[in-house]
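Presented below is the structure to which this report refers.
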Ligand SMILES: Nc1nc2c(ncn2[C@@H]2O[C@H](COP(=O)(O)OP(=O)(O)OP(=O)(O)O)[C@@H](O)[C@H]2O)c(=O)[nH]1
Ligand SMILES: [Mg+2]
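In my numbering, the protein residues as written are 1 to 414.
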């Protein structure tokens, strides 16, 4: 296992700095990098050349002589010249939070789509930092970096990077187009869409699995991967959920968010996260046992805003009440408290989802010509049928129908 020093820039109250440093330590750990020392630097003493002040730089330098870390990891993004200056003085590879997160995503990405998105984000991060990254993470681990000294080589690499970005973007566009077509088909099928969002490791994939267990077709659908680590999920995946009374909707599990999520990543994942924008309802999962759950909610809402997905109706799911059962914060409403792992309060959760998603369902009567078996079929598929009888050459159906379905069948309403 490699060793690292962490450097936290102190912009928050003490306790919170410690927590964010711990989160950074966990991120490093998922790349098999162990934190051996943590330094914190008050924000007011930072300098443009080194990020840290000179006193702190000296302290870190002395410590590197004792511990010889493989990396020095900063909790904030660094510029090209800061990385170069720091590496010159410290003679150790310097990594920032962004590069660390990008590296984790790169390691975990499984599908072609996720891999392309990460590649684009990495290249965009790398482009302005080419000259500084000579000691960086990927070089030692055989990742994407291939840079050498000398401006001439550098120019060449920059052009190559631009070309690689363009190629990856084209490939991604093609994949995304296919997904969009599939989504459009779903739209046409009059099924509502629900997206699960939230900070990483809060229980989003567990929520998908829990709802699948309560779904009539639960056994036919594949469950999601759950793990106690940051960024266990790196791709969006969608399942069909069927409750009683023909109440059906699609449920999409998404990538978790984290504070200071790199912009390059948010941008390149925008295509995948489009599904959030098109959702009729967001289930915002919160780890209620986390000391900074309120900050995590704000981080998540910040990213949603960046994606243009704010303003979508949201049900807050305060999870892990088996660990901590707090009083619900009134600002986040409607909300439900659950333990997804211990199956506490799941009925209430399902009831609330139903209430919101199907609240505009109303009872209508239709007269459908017998020749239009397809229309009767649509009703049978999507609506709760209350009464059905033959009336001369038409079929009369009384059913509870959703808004989009009402629109679709307006012609037959009586
Ligand atoms: N104690 C407790 N743990 C839970 C509960 N729900 C989920 N977990 C655990 O929390 C961890 C993360 O769960 P996931 O469902 O993978 O979380 P996620 O939000 O999908 O995480 P990412 O995909 O990494 O963003 C797992 O170890 C779960 O078993 C709960 O109600 N109580
Ligand atoms: Mg997950």
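Glycine residues also receive a C-beta, built at the ideal position from the N, C-alpha and C atoms.
Identify whether residue 73 lies in helix, strand or coil by the three-state DSSP scheme. In this structure, residue 73 counts as strand in the three-state DSSP scheme.
Relative to the C-alpha of residue 65, which residue among 14, 26, 4 and 355 is closest? 4
Cutoff 6 Å; reference residue 140; Cβ partners in own chain excluding five residues on either side: Confidence is the limiting factor: at residue 140 the pLDDT is only 45, short of 50, which leaves the residue's position unreliable and the question unanswerable from this model.
Is there at least one non-hydrogen atom of ligand 2 closer than 8 Å to the beta-carbon of residue 204? Taking 8 Å as the cut-off, one finds at least one heavy atom of ligand 2 near enough to the beta carbon of residue 204.
Spell out the partners DSSP gives residue 309 in its beta bridges. BP columns for residue 309 are empty, so no partner.
Does DSSP put residue 237 in a helix, a strand or coil? strand
Below 8 Å CB to CB, which residues in the same chain sit around residue 33 once its five sequence neighbours on both sides are set aside? 1, 2, 3, 4, 70, 71 and 73
Which residue from 29, 301 and 167 puts its Cα closest to that of residue 103? In this structure, 29 is the residue among 29, 301 and 167 with its C-alpha nearest to the C-alpha of residue 103.
What's the gap between the Cα of residue 166 and the Cα of residue 127? 13 Å
Given a cut-off of 9 Å on the beta-carbon distance, is the pair residue 233 and residue 205 in contact? Yes. Within cutoff.
Is residue 195 near ligand 2 - that is, is its Cβ less than 8 Å away from at least one heavy atom of it? Because no heavy atom of ligand 2 lies under 8 Å away, the Cβ of residue 195 does not count as near it: no.
Local conformation of residue 97 per DSSP, three classes: helix
Closest by C-alpha distance to residue 363, when choosing among 249, 384, 346 and 198: 384
N- and C-terminal bounds of the alpha helix (DSSP H) containing residue 26: 14 to 29
Could you name the residues of the same chain whose beta carbon sits closer than 8 Å to that of residue 20, not counting the 5 residues immediately before and after it, in chain order? Excluding positions up to five away in sequence, the list reads 8, 12, 75 and 259.
Run through DSSP, which three-state label would residue 387 get? strand
Measuring only from the beta carbon, is residue 228 closer than 8 Å to any heavy atom that is part of ligand 2? Residue 228 Cβ: outside cutoff for every heavy atom of ligand 2.
Looking only at C-alpha atoms, which of 277, 214, 67 and 84 sits nearest to residue 248? 214
If I measure Cβ to Cβ from residue 357 and keep anything under 8 Å in the same chain, skipping five residues before and after, which residues do I get? 192, 194, 247, 249, 280 and 281
Residues of its chain near residue 36, where Cβ-Cβ distance is below 8 Å and the 5 sequence neighbours each way are ignored: 3, 4, 5, 67 and 69
Taking all protein chains shown into account, do 16 or more other C-beta atoms lie within 10 angstroms of the C-beta of residue 348, making it buried, or fewer, making it exposed? Burial call: exposed.
Looking at the strands, I want to know which residues DSSP matches up with residue 316. 284 and 335
How is the beta strand (DSSP E) around residue 271 delimited, first residue to last? No beta strand (DSSP E) contains residue 271, which is instead part of the alpha helix (DSSP H) from 270 to 277.
Can you give me the start and stop residues for the alpha helix (DSSP H) that residue 83 sits inside? 80 to 90
Using a Cβ-Cβ cut-off of 8 Å (strictly less than) and excluding sequence neighbours within five positions of residue 393, which residues of its own chain qualify? Same-chain partners within the cutoff: 369 and 370.
Delimiting residues of the beta strand (DSSP E) encompassing residue 369: 362 to 369
Alpha carbon of residue 309 to alpha carbon of residue 366, nearest angstrom: Computed Cα separation, rounded: 36 Å.
Cβ pair residue 265, residue 117 closer than 9 Å: Taking 9 Å as the Cβ cut-off, residue 265 and residue 117 qualify as a contacting pair.
If we cut at 9 Å on Cβ distances, does residue 9 have a partner in chain C? Included in the structure is just one protein chain, with no chain C present.
Would you identify the three-state DSSP class for residue 423, choosing helix, strand or coil? Absent from the model: residue 423. The displayed extent of the chain is 1 to 414, so no value can be given.
Residue environment, residue 262, which counts as buried when at least 16 other CB atoms sit within 10 Å: buried
Residue 129 versus residue 335 - alpha carbon distance: 44 Å
Residue 224 versus residue 89: straight-line alpha-carbon distance, rounded: Going by the C-alpha atoms only, they are around 46 Å apart.
As assigned by DSSP and simplified to three states, the class of residue 6: Per DSSP, reduced to three states, the secondary structure at residue 6 is strand.
Could you check the C-alpha separation between residue 479 and residue 400 for me, to the nearest Å? In the structure as shown, the chain begins at 1 and stops at 414. Residue 479 is therefore absent and cannot be evaluated.
N- and C-terminal bounds of the beta strand (DSSP E) containing residue 120: No beta strand (DSSP E) contains residue 120, which is instead part of the alpha helix (DSSP H) from 112 to 126.
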